[in-house]
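Report on the following structure.
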Amino acid sequence: MTKAFSGRDSGELDLDRLSAEELGADDVRIHPDTLRAQAEVARRHANPQLAANFARAAELALLPEAEVLALYEALRPHRATGEELDALAARLEGVPAPLCAELVREAAAVYARRGLLA
Amino acid sequence: MTEKRVGRVRFMDQQRVNLDGFAHEDAALGLVAMSSPADPVPSLVVRDGHVVEMDGRPAEEFDTLDALVAAHGIDLEIAEEAMALEDVALARLFVDPAVSRSEVVRLVAGTTPAKLARVVTLLRPPELTMAMTKLRARRTPSNQAHVTNRLDDPLLLAADAATAAAFGFREIETTVPVLADAPSNAVAVTVGAAVASPGVLVQCSVEEAMELEMGIRGLVSYAETVSLYGTESVFVDGDDTPYSKAILAAAYASRGVKMRVSSGAGAEVLMGGAEGCSMLYLESRCVSLARALGVQGVQNGGIDGASVAASVPGGVKELMAENVMVMARNLEACTGNDALMSESDVRRTSRTLPILLAGSDYVTSGFGSIQRYDNMFGPSQWNAEDIDDWLAMQRDWGVDGGLRTASPDDIAQLRRDAAEACRDVYRWLGLADFTDEHVELAVDAVGSKDLGDPDPMVVLGAANTIRSSGLGSLEVARALQECGYDAAAGRVLAMLAARVHGDHLQTAAIFDESMNVLSLVTDPNDYAGPGTGYEPSPERQAEIDAVRQARGVEDLRADQEEWATNAFDVVGAAEQGSDPREVVIGVSPGVGRTVWRTLSGLPVVEVLRELLAGLEEEGCKARVVRVNSTLDLGMVGLQAARLSGSGIGIGLQGKGTALIHRRDLPPLANLELYSMAPVITPALYRLLGSNAGRHAKGATPVPARNPYTDEAIEARYHTSVIALVALERRCVDRALGNEHLQVTL
Numbered sequence: 834m835t836k837a838f839s840g841r842d843s844g845e846l847d848l849d850r851l852s853a854e855e856l857g858a859d860d861v862r863i864h865p866d867t868l869r870a871q872a873e874v875a876r877r878h879a880n881p882q883l884a885a886n887f888a889r890a891a892e893l894a895l896l897p898e899a900e901v902l903a904l905y906e907a908l909r910p911h912r913a914t915g916e917e918l919d920a921l922a923a924r925l926e927g928v929p930a931p932l933c934a935e936l937v938r939e940a941a942a943v944y945a946r947r948g949l950l951a
Numbered sequence: 032m033t034e035k036r037v038g039r040v041r042f043m044d045q046q047r048v049n050l051d052g053f054a055h056e057d058a059a060l061g062l063v064a065m066s067s068p069a070d071p072v073p074s075l076v077v078r079d080g081h082v083v084e085m086d087g088r089p090a091e092e093f094d095t096l097d098a099l100v101a102a103h104g105i106d107l108e109i110a111e112e113a114m115a116l117e118d119v120a121l122a123r124l125f126v127d128p129a130v131s132r133s134e135v136v137r138l139v140a141g142t143t144p145a146k147l148a149r150v151v152t153l154l155r156p157p158e159l160t161m162a163m164t165k166l167r168a169r170r171t172p173s174n175q176a177h178v179t180n181r182l183d184d185p186l187l188l189a190a191d192a193a194t195a196a197a198f199g200f201r202e203i204e205t206t207v208p209v210l211a212d213a214p215s216n217a218v219a220v221t222v223g224a225a226v227a228s229p230g231v232l233v234q235c236s237v238e239e240a241m242e243l244e245m246g247i248r249g250l251v252s253y254a255e256t257v258s259l260y261g262t263e264s265v266f267v268d269g270d271d272t273p274y275s276k277a278i279l280a281a282a283y284a285s286r287g288v289k290m291r292v293s294s295g296a297g298a299e300v301l302m303g304g305a306e307g308c309s310m311l312y313l314e315s316r317c318v319s320l321a322r323a324l325g326v327q328g329v330q331n332g333g334i335d336g337a338s339v340a341a342s343v344p345g346g347v348k349e350l351m352a353e354n355v356m357v358m359a360r361n362l363e364a365c366t367g368n369d370a371l372m373s374e375s376d377v378r379r380t381s382r383t384l385p386i387l388l389a390g391s392d393y394v395t396s397g398f399g400s401i402q403r404y405d406n407m408f409g410p411s412q413w414n415a416e417d418i419d420d421w422l423a424m425q426r427d428w429g430v431d432g433g434l435r436t437a438s439p440d441d442i443a444q445l446r447r448d449a450a451e452a453c454r455d456v457y458r459w460l461g462l463a464d465f466t467d468e469h470v471e472l473a474v475d476a477v478g479s480k481d482l483g484d485p486d487p488m489v490v491l492g493a494a495n496t497i498r499s500s501g502l503g504s505l506e507v508a509r510a511l512q513e514c515g516y517d518a519a520a521g522r523v524l525a526m527l528a529a530r531v532h533g534d535h536l537q538t539a540a541i542f543d544e545s546m547n548v549l550s551l552v553t554d555p556n557d558y559a560g561p562g563t564g565y566e567p568s569p570e571r572q573a574e575i576d577a578v579r580q581a582r583g584v585e586d587l588r589a590d591q592e593e594w595a596t597n598a599f600d601v602v603g604a605a606e607q608g609s610d611p612r613e614v615v616i617g618v619s620p621g622v623g624r625t626v627w628r629t630l631s632g633l634p635v636v637e638v639l640r641e642l643l644a645g646l647e648e649e650g651c652k653a654r655v656v657r658v659n660s661t662l663d664l665g666m667v668g669l670q671a672a673r674l675s676g677s678g679i680g681i682g683l684q685g686k687g688t689a690l691i692h693r694r695d696l697p698p699l700a701n702l703e704l705y706s707m708a709p710v711i712t713p714a715l716y717r718l719l720g721s722n723a724g725r726h727a728k729g730a731t732p733v734p735a736r737n738p739y740t741d742e743a744i745e746a747r748y749h750t751s752v753i754a755l756v757a758l759e760r761r762c763v764d765r766a767l768g769n770e771h772l773q774v775t776l
């Protein structure tokens, strides 16, 4: 059994609890620990990049929907200045989401060189 | 001045293949399949653990694609070994069954985009097929359908999703003509799929941000329309960068949503941004990038630009090579079917057949399971009208193309259940109220043109309510349960539970109908030559073999039985005739016992009526005799001729073949023969009767021409012929002799 984001055991996701309206959105949301475990599985199956993605996902799993959407938007071309991306990376460090922060810093450097900043 | 083309050329010009566009190669425009002068020579220079040059470009000149691939996409521990291998040596490993998939995957992880492109360029078509057989990630092949309609009609979407699931599709992709309708489409398809089967993955393809929002809210279970392009300029035109895609990939995974990216030849050419490179090289960049981003799979090889690739020499081979690159990079391959590549059924089949034979994680990405006009992605390479062809091709080759036959009764019931469940869910959630008449139309509809003209504001209103209320799949499951659809509710809930487990985030994951995850992890492809790798289970093989059109002798016996009459009475043993104007009609042993109707659909009695009328026109006397000793038409006719006073006889088999015979001819000779039973008309039988009469009188017969047909008449009737012969053979009885029959006309 796996625990959901809420901490509820996934074995409890059944029709009885559904009809009793006991289940909420966080009961069907993946837990960061599960993503880290999936990262380990991916690594064992010769895909370290997929593992790295799951590790970043484990960080994003902590963020609310709006912040995830905003992070994606900020990395689209010509959306953010270098300073804004630096600030975003600093905020991510605080989540803590250090791997995502690192990706944002890397993007900021490449964007600066390629003229993709706002 | 070109003179008018001769008939043979005019005839060729009219064939459907000539509606397709064929282009001269033009490297400057990127109109070249596999190798362009601008494609870089593979290279990789690593210093202090960092890539300082890749494919001829120094790090300070890297664009965003190069940068991300160089930083994340190449296994630097393997790179030196892999890059040092001769292209042809590496290409041979792709094909050699003695070399494991994991060894190829290990080496390819150390290759640059230019290197991998050069390697797959060396593979010939059968070698690509072998490579695909060996290198795809998942052992069990599967398939994906498009379910859309031009009205975004929820009830039709639900009925069509249920139909697609019934035919065996394990992923359903929908999209919208009206962007704001997207949440409604996601709900309708989710409901329809859940009514028909557990474990069907559902996607709604729309603009990236909205698709992500729906994924996060749990309205869909996978995402696919996350486009990659092979050049930075086209990437940015698409309002993304490799880095924004990397975050997108993590964002989907962060909510337990499966995701693959979409790329494929031709997109850069169409956007004027190919930078002079070949389609294969640009796609190799996309595939390398996909691996670098950390996505589990790629849809490529025949997406929007499929017909661009197909317009140049080697283009179709290039499309397949794209898929093989994905597999070699250890990613899920959704082998492209999104775009109708040709007007020609022959070219379409030619393009897809090797992939069907090899097997792929998804043999077709986006099989258009609905009407072409309803496919809001545009018509696919394979469409609703091709489902039976697909099932027949699977059966012909004994391969698993992911589909199965669904019985007409099951389809009818599932469409009704799905449309009603969708109506009830929309009503319960306060999204819309649909009439009973609308349900009936959706159940029976071939496509949305059969729905009349529903109010488009209803769907838009439903979609806006879903979006603004933040409604997700949990609420959909609850609604299904409240409306009495417990099984479907349980299936939607099970898909939500799967998100919590995350096992379907691994490479090439699908769910079987028992909700087991089949993926690179749980169901790895273990092909290593004959006798290894995927074989359909006996149950699955039976599904593949059992097309609904298959018939046996018993089916035909029952069909014939429906036409049984009491028109044939045995008068007694047939005697030798002596009247010089007598012509005997000999019928085969099954006539009047097991065989009542010919292949043309005429009852045998009607055939006899025409033959007798023809004889009467010539003033001849006729007698009908059943020849019980043989079912050979020549022998039946010869026996009749020998009994006949004139020495002329007509032979008639129950299936309708007929001839005129003469008593002094060898058995296999005859005077006239009608061999094409399915197309013999009453008038021709009458002519045969009258010609037999003329032969008897020594007059000149009117030459009868066998009717001509250009249809595959043998394909259509040979199974019936075999069954009819079996029915006739049951009646052969040498001891019974020849019987004189009284036929009531």
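Going down the list, the protein sequences come from chains A and B. Numbering of the first sequence is given in my numbering, commencing with residue 834 and proceeding in unit increments. Numbering of the second sequence is given in my numbering, commencing with residue 32 and proceeding in unit increments. Where is the CB? At the ideal position from N, CA and C, for every residue including glycine.
Shown here, B/S294 sits in coil according to DSSP, grouped into three states, outside any helix or strand. Legend: CB atoms of the stretch 351-366 of chain B lying less than 7 Å from CB atoms of chain A belong to residues N361. Between B/S631 and B/G687, the C-beta spacing is below 8 Å.
Only buried fits B/Q591, as 16 or more other CB atoms lie within 10 angstroms of its CB. In this structure the stretch 733-752 of chain B does not touch the stretch 665-675 of chain B; the number of beta carbon pairs closer than 8 Å is below three. Boundaries of the beta strand (DSSP E) around B/E363: E363 to G367. B/S285 has a beta carbon lying within less than 8 Å of a beta carbon in chain A. Look at B/N495 here: in three-state DSSP terms it is helix.
Around the beta-carbon of B/S499, fewer than 16 other beta-carbon atoms lie within 10 Å, marking it exposed. Residue pairing by DSSP places B/Q330 opposite B/S293 and B/C365 in a beta bridge. The Cβ atoms of B/S236 and B/S258 do not sit closer than 8 Å to each other. With respect to the C-alpha of B/R717, the residue from B/A743, B/E637 and B/M114 having the closest C-alpha is B/E637. Around the Cβ of B/I753, a 10 Å sphere holds fewer than 16 other Cβ atoms; the residue is exposed. Cβ-Cβ distances below 7 Å link B/A323 to L99, V100, H103 and G104 in the same chain, with the five nearest sequence neighbours on each side left out; the list follows chain order. Residue pairing for B/L232: DSSP places it in a beta bridge opposite B/E202. Assignment of B/H81 by DSSP, reduced to helix, strand and coil, places it in the strand class. Following the DSSP letters along the chain, one finds B/E648 inside the alpha helix (DSSP H) bounded by residues V635 to E648. The alpha helix (DSSP H) runs of length 4 or more contained entirely in the stretch 341-416 of chain B are, from start to end of the chain, 346-359 and 376-389. With a 10 Å radius around the Cβ and a threshold of 16 neighbouring Cβ atoms, B/G729 comes out exposed. Secondary structure in the stretch 648-690 of chain B: the beta strand (DSSP E) runs of 3 residues or longer, each lying completely within the stretch, are 652-658 and 679-683 in chain order. For the 8 Å CB-CB criterion, B/A389 and B/T164 form a contact. The Cβ-Cβ distance between B/A305 and B/L311 does not fall below 8 Å.
Interface flag for B/A510 against chain A is unset, since no Cβ pair is found closer than 8 Å. A/T867 has a beta carbon lying within less than 8 Å of a beta carbon in chain B.
For B/D94 and A/V943, the gap between their C-alpha atoms comes out near 8 Å. Bridge pairing for B/H692: B/G680 [DSSP].
The distance from the Cβ of B/A352 to that of B/L154 is about 7 Å, consistent with a contact at the 8 Å cut-off. Look at the stretch 90-123 of chain B: the residues with a C-beta under 7 Å from a C-beta of chain A are D94, T95, A98, A102, H103 and G104.
Residue pairing for A/A942: DSSP places it in no beta bridge. Exclusion of the five residues before and after B/T496 leaves L462 as the residues of its chain whose Cβ lies within less than 6 Å of its Cβ. The beta carbon of B/V126 lies closer than 8 Å to those of L154, E158, M161, A162 and K165 in the same chain, with the five residues before and after it left out. When rounded, the separation of the alpha-carbon atoms in A/Q882 and B/D440 is 47 Å. A/T914 has a beta carbon lying at 8 Å or more from every beta carbon in chain B. The beta carbon of A/A941 sits closer than 6 Å to those of G915 and L918, all from its chain and outside the five residues before and after it, given in chain order.
In the structure shown, A/I863 falls within a coil segment according to DSSP collapsed to helix, strand and coil.
At a Cβ-Cβ threshold of 8 Å, B/Q425 and B/A415 do not count as neighbours.
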